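> Shown below is the structure under consideration.
Residue numbers (this note's numbering): 1 to 136.
Now the structure itself:
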């Protein structure tokens with residue numbers, strides 16, 4: 001469920017850059033939509049319970065949201081290419097820091113993060129556009 005929620009945020013952010021009309025449609029939905037996510041459960045009316053919801057009702061709402069917005073659903077295997085590294089291109093790292101300091105790039109291969117010294121020329125993950133996916 002967290003994957004679907006995070007994916008909805010990512011789709012919205014992507015739409016803000018590339019599909020402004022669809023992003024505006026989502027903005028309007030957020031401003032006006034008040035879905036019942038209780039799933040028929042009568043939660044206690046208190047500040048503590050204001051954010052309680054029924055998981056199946058949320059899943060159903062997210063499926064409807066993804067369908068209405070034209071966003072791809074997060075299906076089984078959606079992240080498989082990322083886990084296998086197929087979603088990233090490897091290229092030499094252009095990090096120019098001192099060899100005595102060990103920079104940690106969040107996007108680099110796992111062995112870099114486990115303490116292996118990171119030097120210029122090591123392979124780092126970059127997104128398919130060629131931009132670094134992040135530094136730590």
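Beta carbons are placed, not taken as given, at the ideal position from N, Cα and C, and that holds for glycine.
For clarity, every value in this text was computed on a predicted model and none was experimentally measured.
Below 8 Å CB to CB, which residues in the same chain sit around residue 98 once its five sequence neighbours on both sides are set aside?
Residue numbering aside, residue 98 sits at position 98 when the chain shown is read from its first letter. Summary for residue 98: the model assigns pLDDT 44, below 50, so the residue's position carries little reliability; its value from the coordinates is reported in the next sentence. Answer for residue 98: no residue qualifies.
> What residue range does the alpha helix (DSSP H) around residue 54 cover?
Counting from one through the chain shown, the residue named residue 54 turns up at place 54. Careful: residue 54 lies outside any alpha helix (DSSP H) and carries neither H nor E.
> Give me the Cα-Cα distance between residue 40 and residue 70, rounded to the nearest whole angstrom.
If you number the chain shown from 1, residue 40 lands on position 40. If you number the chain shown from 1, residue 70 lands on position 70. Their backbone Cα atoms lie some 28 Å apart in a straight line.
> Assuming residue 54 contacts residue 65 (C-beta within less than 8 Å), just tell me the rounded distance between them.
Residue mapping note: residue 54 aligns to position 54 of the chain shown, counting from 1. Residue mapping note: residue 65 aligns to position 65 of the chain shown, counting from 1. About 16 Å; that fails the 8 Å criterion.
> For residue 25 and residue 42, what's the separation of their Cα atoms in angstroms?
What you label residue 25 is simply residue 25 of the chain shown in a count that begins at 1. What you label residue 42 is simply residue 42 of the chain shown in a count that begins at 1. When rounded, the distance between both Cα atoms is 31 Å.
> Taking the Cβ atom as the reference point for each residue, do residue 74 and residue 27 lie within a distance shorter than 7 Å?
Position 74 of the chain shown, counting from 1, holds the residue named residue 74. Position 27 of the chain shown, counting from 1, holds the residue named residue 27. No; because the gap between Cβ atoms is not below 7 Å, this pair is not in contact.
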